[in-house]
Structure formats: C-alpha cells, structure tokens
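Here the protein sequences line up with chains Y and L, keeping their order. FYI, in this note's numbering the residues of the first sequence are 2 to 221. FYI, in this note's numbering the residues of the second sequence are 2 to 221. Using N, Cα and C, we set each Cβ at its ideal position, and we do this for glycine too. Every value quoted in this text rests on a predicted model; they were computed, and no experiment measured them. Structure, as structure tokens:
Protein chains: 2
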Amino acid sequence: MSPRVPVSRRERPAKPALSREGIVATAVAVMRAEGLEKVTMRRLAKELDTGPASLYVYVAGMAELHAAVLDELLGEVDLDPAGETWRDRLAGVLASCTGVLFQHPALARAAISVRPAGENYLALVEKLLALLKEGGADDRQAAWGVDLLLQLTTASAAEHSTRDQAGRTEAEWSQVTRALQTADARTHPHIHALAGELISGSPQARFDWFVDVLTAGILH
Amino acid sequence: MSPRVPVSRRERPAKPALSREGIVATAVAVMRAEGLEKVTMRRLAKELDTGPASLYVYVAGMAELHAAVLDELLGEVDLDPAGETWRDRLAGVLASCTGVLFQHPALARAAISVRPAGENYLALVEKLLALLKEGGADDRQAAWGVDLLLQLTTASAAEHSTRDQAGRTEAEWSQVTRALQTADARTHPHIHALAGELISGSPQARFDWFVDVLTAGILH
DNA sequence: ACCTGAACACCGTTCAAGT
DNA sequence: ACCTGAACACCGTTCAAGT
Chain Y
2 MSPRVPVSRR ERPAKPALSR EGIVATAVAV MRAEGLEKVT MRRLAKELDT GPASLYVYVA
62 GMAELHAAVL DELLGEVDLD PAGETWRDRL AGVLASCTGV LFQHPALARA AISVRPAGEN
122 YLALVEKLLA LLKEGGADDR QAAWGVDLLL QLTTASAAEH STRDQAGRTE AEWSQVTRAL
182 QTADARTHPH IHALAGELIS GSPQARFDWF VDVLTAGILH
Chain L
2 MSPRVPVSRR ERPAKPALSR EGIVATAVAV MRAEGLEKVT MRRLAKELDT GPASLYVYVA
62 GMAELHAAVL DELLGEVDLD PAGETWRDRL AGVLASCTGV LFQHPALARA AISVRPAGEN
122 YLALVEKLLA LLKEGGADDR QAAWGVDLLL QLTTASAAEH STRDQAGRTE AEWSQVTRAL
182 QTADARTHPH IHALAGELIS GSPQARFDWF VDVLTAGILH
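Shown next, in the form of structure tokens:
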C-alpha cells in the first residue's frame, strides 16, 4: 500500500546533501533575490527541502549565519582600486565597501554586532592595515584606525538602510529634518543657524568627508 | 444573567486610559527591567491590559516606538559635564552618551537606523553643535561633525551589545580574535605583526581614542 | 549515530465585527 | 466613531522520537 519509493524516483530530483557551504550559498541567493529579512531558518529549510532543525547541524544559529553571509559578500570588495596615493586607494577600498553594504543595508545593520571571521574579512583588514602603514601610521594607529574605519563604514551603510526600502520611511525621515528645520531659534540657536548644513550633502558626500576626517585624525 | 459591572467594580483596578505617553512609559519600564527584546507590541498590550491592535491607535509601529524610547533615554545624558576646555566637555557629553547606550545595547543597535526626533535628541544635537563651534569649527564641520560623532557613538555601543548579554557570545568573540591571532604571517603579514594591537584596549579606551581622532580630524 | 517532525513559545500587523 | 478580538502569516530554537 505504501511501497518504498524506487531508487529511480530518488535519483531524479537529486536532493543535494546538506552542508554548511550549501546553506550559506542558499542564504546569499535568497538575500540577493528578496533581501535579508527573507533569509530565515524556515525559509532556508524549505529552499533546501528539509526541516528547520536540520540546519542547526551545520550552523550555530542565525547570528553565525549572518556572519557567514557577510563574509561571503565581502569577497566583492575591490581591494586594489586605482589611485596614485595610499590615501586615494584607502578611500577607494572603503567606497567599494560601502557600495557592497549599501546594496544590502539590512546586512550592514546585522554586521554592526556580528564581526565575521572569514577569509574575506581578514583580507580586508590586512589591506586596510597595509594602507595605513604605508601612510605612516604606527602600530596602534593602524590597528585601532582599522576598527574605527570599519565601524563607521558599517554604521553609515546601516543608517540609510531603512531609508531606501520601506515606503513610508521617507516620511519618517522628513519628520527628523522638519524637527531640525523648525527648531526654535531661542531654545536651539545652533540648530536653527545650521539647519541648512545639518541636512546638506548626499550620503556618499558625507561618507567621503567622514573618511577624510578619519584619515587626517588617525595620523594626528 | 450577565449584569453590567457595577461602577464600584470598575473603580478599583482603575485601568488607566491608553495614551501615547503611557505606552512609551511602559515600554521604558519593561526595557529597564527585562531588556528591549521583551518590549513587544503584545507584551506592552498585556501590560496595559488590552489587545495589541489598540496600541496602533497611538503609535505607528515598532520603529516609531523604538525612536520614542530612545529619545526618552537620551534625557539621562549629562549635557553639562565638568571640564576646563570645550574638548573635555565634548568628551564628557559623549562618554555620558555611551554610558546610557552601553546599558541598553539593543537600543543602540536599533538607534542606528532610527533617528529620534524628540526634545532630548534635539537638546543633545544643540549641545554638540555649540561645543564644536566653541572649538572653532565652521558650519559644515560642526553640522557634519555632529553626525559623525553620533554615528560612531551609536555604533560603538551597538558593537558590544551582543558581547555582554548572551552567554556563548564570548566564545564567538574569541573566534574572531583567534582568527586574527593565528593569521598566517605569509598571507597576512600586517595582521600577524599587529595582532597585539588589534585586540588591545578596553571598549572604553578605544572609544576615548576614537573621540580624540574625530575631534582632531573634524577641525583639520 | 545521525537526522528531523512536530511542538514550544512566541512575533508585528491588519481588519472585520462589535459597542 | 471608536476600539479590539481574533486571525493572518509568520518567527528561532529545542528535543523526543524515529531511521
């Protein structure tokens, strides 16, 4: 009545064996297609034709999976951009970094509390250290400077995350700008006076300025 | 059979009328007691003795509620710390800011993509603008500098968010440090050479250094 | 020994139906 | 007109029970 499925039946769909790599690859694919918020254990399990519990054999949990996805994406960062000076090349690497993260802002938000430990992350750190060293930074300036630069890069990408995707977030944004622009001149004189500059500049322009400020500051 | 509840019955529990303020206050209380992750619409509704749908009459959604809670907490920031120079006082304000955010790291993470628009946030921005102006910054340096400083403050607090609370996150952290410490000297010479500095310093020490770098950089 | 179905304990948000 | 019960469409993680 319920005969065993013949081997030939099992051969065709060729359900691939589960593996950490396969799970991460599926996660990346789903993220590219529908965004990080669709990358859930249950969705991944469905995609891989199994139950959510099975995934826990290969990944420790959601946080570790996010870290793995992030490291995968860092592979897209251009570590050798054109540029005469070390400063130009540093700016180029970071710009490439924001380019990747701006495309997946939800991942940038996750990246703030989850440092990846993969190959691509290490390669990025190595490159940034080399560039700061080339610029004359001492050991501490280089090491802590990389931390500072990456923290700011991630934060900048994450900040504009909700901006783009959600619909009414534009209204929410103009709520802040309106608060700044309509600030009382008596109680908030500086906000009133600098309202223009407070909302000026594209995200990219601001980020470029940030990087300039940081490189100048890191080397005293 | 089902007679109306007499007035005397209704008087004692004195179920307070719903209001935006009451909801935010309850949210703050629950966060202080059990952390932001327990601040859910359903939990708040239970706390206020109603259904979750009722909350949507007063708040637009979870994001807006987070922003309101954050603004409430920013009221605890010390805007007039002791300090001889504007630089000391700026460092003091930001230290007070991280103090508040480090106590509620989950909120710091939320704060990255949700700018509040409340009174306390405006007061903080006003103060930071005033201090940078006092230090001789021009309009753009002051305005964008405040953005930079707040972005870094939030990111720093958020970064160490998972560190403290979760149990096994310490293991996760040492996973990154191990990756840095055991990096191959041939493929990652700079990481290998600077391994010590890459993991040196307390979060507080690093943050202080960050603020120094930023203030120096903002003023060229 | 390895894998996983089903359950546990939740979510945010919406909307039809009540008062 | 105002409010909300119940439903919709999901979550991450665990563990007992199967193969």
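Taking all protein chains shown into account, decide if L:Arg10 is buried (16 or more other Cβ within 10 angstroms of its Cβ) or exposed.
Here residue 10 of chain L refers to the residue found at position 9 when the second sequence is read from its first residue. Here L:Arg10 scores only 37 on pLDDT, less than 50, and its place in the model should not be relied on; the value that follows carries that caveat. Looking at its Cβ environment, which holds fewer than 16 other Cβ atoms inside 10 Å, L:Arg10 is exposed.
Alpha carbon of Y:Trp87 to alpha carbon of Y:Gly76, nearest angstrom
By 1-based counting over the first sequence, the position of residue 87 of chain Y is 86. By 1-based counting over the first sequence, the position of residue 76 of chain Y is 75. When rounded, the distance between both Cα atoms is 21 angstroms.
For the segment 68-102 of chain L, which residues have a beta carbon sitting closer than 9 angstroms to at least one beta carbon of chain Y?
Ala68
How close, in whole Å, do the beta carbons of L:Ala1 and Y:His221 come, if the pair is a contact with beta carbons under 8 angstroms?
Since the first and last residues shown for chain L are 2 and 221, residue 1 of chain L lies out of range.
Beta-carbon proximity list for L:Tyr59, same chain, < 8 angstroms, skipping 5 on both sides
Within the second sequence, numbered from 1, the residue matching residue 59 of chain L stands at position 58. So the qualifying residues of the chain are Leu19, Ser20, Arg21, Ile24.
Start-to-end residues for the alpha helix (DSSP H) that takes in L:Arg187:
By 1-based counting over the second sequence, the position of residue 187 of chain L is 186. Where L:Arg187 is concerned, there is no enclosing alpha helix (DSSP H), given that its DSSP letter is neither H nor E.
Taking just the CA atoms, how far does Y:Ala34 sit from Y:Ser114?
Here residue 114 of chain Y is taken as the residue at index 113 of the first sequence, counted from 1. Here residue 34 of chain Y is taken as the residue at index 33 of the first sequence, counted from 1. Roughly 24 angstroms between the two C-alpha positions.
Output the residue ranges of the alpha helix (DSSP H) runs that lie fully inside the segment 69-132 of chain L and measure 4 residues or longer, sorted by chain position.
Secondary structure remark: continuous alpha helix (DSSP H) runs of at least 4 residues inside the segment 69-132 of chain L, in chain order: 87-104, 106-114.
Count the other CB atoms within 10 Å of the CB of L:Glu73; is the residue buried (16 or more) or exposed (fewer)?
For this step, residue 73 of chain L is matched to residue 72 along the second sequence. The C-beta of L:Glu73 has 16 or more other C-beta atoms within 10 Å across all chains shown, which makes the residue buried.
Indicate the three-state DSSP secondary structure (helix, strand or coil) for Y:Val40 in the structure shown.
Position 39 of the first sequence, counted from the start, is the residue given in the question as residue 40 of chain Y. Coil at Y:Val40, not helix or strand.
Buried or exposed (CB count within 10 angstroms, at least 16 for buried), Y:Glu38
Reading the first sequence from its first residue, position 37 is the one you call residue 38 of chain Y. Exposure of Y:Glu38 is indicated by the presence of fewer than 16 other C-beta atoms within 10 angstroms of its C-beta.
List the endpoints of the continuous alpha helix (DSSP H) containing Y:Leu49.
In the first sequence, residue 49 of chain Y corresponds to position 48, counting from 1. It is not in any alpha helix (DSSP H) - Y:Leu49 carries neither H nor E in the DSSP assignment.
Using three-state DSSP, classify L:Ala143 as helix, strand or coil.
What you label residue 143 of chain L is simply residue 142 of the second sequence in a count that begins at 1. If DSSP states are grouped into helix, strand and coil, L:Ala143 belongs with the helices.
Following the continuous alpha helix (DSSP H) through Y:Val58, name the residue where it begins and the one where it ends.
The residue given as residue 58 of chain Y occupies position 57 in the first sequence. No alpha helix (DSSP H) holds Y:Val58; DSSP gives it neither H nor E.
Within chain Y, partners of L:Leu150 - CB distance below 9 angstroms:
Taking the first residue of the second sequence as 1, we reach residue 150 of chain L at position 149. Under the 9 angstroms cutoff, chain Y gives no residues; its nearest Cβ is about 10 angstroms from L:Leu150.
Just the chain L side, please: which residues come within less than 8 angstroms of Y:Glu198 by C-beta, in chain order?
Translated into the one-based positions of the first sequence, residue 198 of chain Y becomes position 197. The answer, in chain order, is Asp140, Arg141, Ala143, Ala144, Trp145.
8 angstroms Cβ cutoff met for Y:Glu127 and L:His189:
Here residue 127 of chain Y refers to the residue found at position 126 when the first sequence is read from its first residue. Here residue 189 of chain L refers to the residue found at position 188 when the second sequence is read from its first residue. At a Cβ-Cβ threshold of 8 angstroms, Y:Glu127 and L:His189 count as neighbours.
Measure the Cβ-Cβ separation of Y:Ala124 and L:Gln176 and say whether it is below 8 angstroms.
As a position in the first sequence, residue 124 of chain Y is number 123, starting the count at 1. As a position in the second sequence, residue 176 of chain L is number 175, starting the count at 1. No.
Secondary structure at L:Gly197, three-state DSSP: helix, strand or coil?
Translated into positions along the second sequence, residue 197 of chain L becomes position 196. Of the three classes helix, strand and coil, the one that applies to L:Gly197 here is helix, per DSSP.
Along the alpha helix (DSSP H) that carries Y:Ala34, what are the first and last residues, could you check?
Here residue 34 of chain Y refers to the residue found at position 33 of the first sequence. In this chain, the alpha helix (DSSP H) harbouring Y:Ala34 covers 21-35.
So L:Gly218 is in the alpha helix (DSSP H); what residue range does that whole segment cover?
Within the second sequence, residue 218 of chain L is the residue found at index 217, counting from 1. Unbroken alpha helix (DSSP H) run through L:Gly218: 204-219.
Near L:Leu102, which residues of its chain fall below 6 angstroms by C-beta distance, leaving aside the five closest residues on each side in sequence?
If you number the second sequence from 1, residue 102 of chain L lands on position 101. Result list for L:Leu102: Ala109, Ala158, in chain order.
Status (buried if at least 16 other CB within 10 Å, exposed otherwise) for Y:Lys134:
Taking the first residue of the first sequence as position 1, residue 134 of chain Y is located at position 133. The residue is buried, with at least 16 neighbouring Cβ atoms inside 10 Å.
Name the chain Y residues that come within less than 7 angstroms of L:Lys134, Cβ to Cβ?
As a position in the second sequence, residue 134 of chain L is number 133, starting the count at 1. The answer, in chain order, is His191.
List, in chain order, every chain L residue whose beta-carbon is nearer than 7 angstroms to that of Y:Ile113.
Here residue 113 of chain Y is taken as the residue at index 112 of the first sequence, counted from 1. The answer, in chain order, is Arg110, Ile113, Ala156, Ala159, Glu160.
If we count Cβ pairs, one from each stretch, closer than 8 angstroms, do we get three or more for the segment 209-216 of chain Y versus the segment 88-95 of chain Y?
Contact holds: three or more Cβ-Cβ distances are below 8 angstroms.
Separation of L:His193 from Y:Asp140, as counted between CA atoms:
Locating residue 140 of chain Y in the first sequence gives position 139, counting from the first residue. Locating residue 193 of chain L in the second sequence gives position 192, counting from the first residue. Taking the straight line joining both Cα atoms gives about 12 angstroms.
Residue from L:Ala96, L:Leu66, L:Pro17 with nearest C-alpha to L:Asp79:
Here residue 79 of chain L refers to the residue found at position 78 of the second sequence. Of the listed residues, the one whose Cα sits closest to L:Asp79 is L:Ala96.
Can you tell me which of the three DSSP states Y:Ala138 falls into?
Position 137 of the first sequence, counting from 1, holds the residue named residue 138 of chain Y. DSSP places Y:Ala138 in coil when its eight states are reduced to three.
L:Arg179: buried (16+ other C-beta within 10 angstroms of its C-beta) or exposed?
Locating residue 179 of chain L in the second sequence gives position 178, where the first residue counts as 1. Label assigned to L:Arg179: exposed.
Give me the residue from Y:Ala61, Y:Ala156, Y:Leu195, Y:Val31 with the minimum Cα distance to Y:Lys291.
Outside the shown range of chain Y (2 to 221) lies residue 291 of chain Y, about which nothing can therefore be said.
Can you check which of these residues, L:Leu150, L:Leu195, L:His191, L:Pro17, is closest to L:Asp209 by C-alpha distance?
Along the second sequence, one-based indexing puts residue 209 of chain L at 208. The shortest Cα separation from L:Asp209 among L:Leu150, L:Leu195, L:His191, L:Pro17 belongs to L:Leu150.
Amino acids of chain Y, ordered along the chain, whose beta-carbon sits closer than 7 angstroms to that of L:His221
Taking the first residue of the second sequence as 1, we reach residue 221 of chain L at position 220. Ala217, listed in chain order.
Is the beta carbon of L:Arg207 closer than 8 angstroms to that of Y:Asp81?
Working through the first sequence from its first residue, we reach residue 81 of chain Y at position 80. Working through the second sequence from its first residue, we reach residue 207 of chain L at position 206. Judged by their CB atoms, Y:Asp81 and L:Arg207 are not nearer to each other than the 8 angstroms cut-off.
How about Y:Gly202: is its C-beta nearer than 8 angstroms to some C-beta of chain L?
Locating residue 202 of chain Y in the first sequence gives position 201, where the first residue counts as 1. It does: the Cβ of Y:Gly202 has a partner Cβ on chain L nearer than 8 angstroms.
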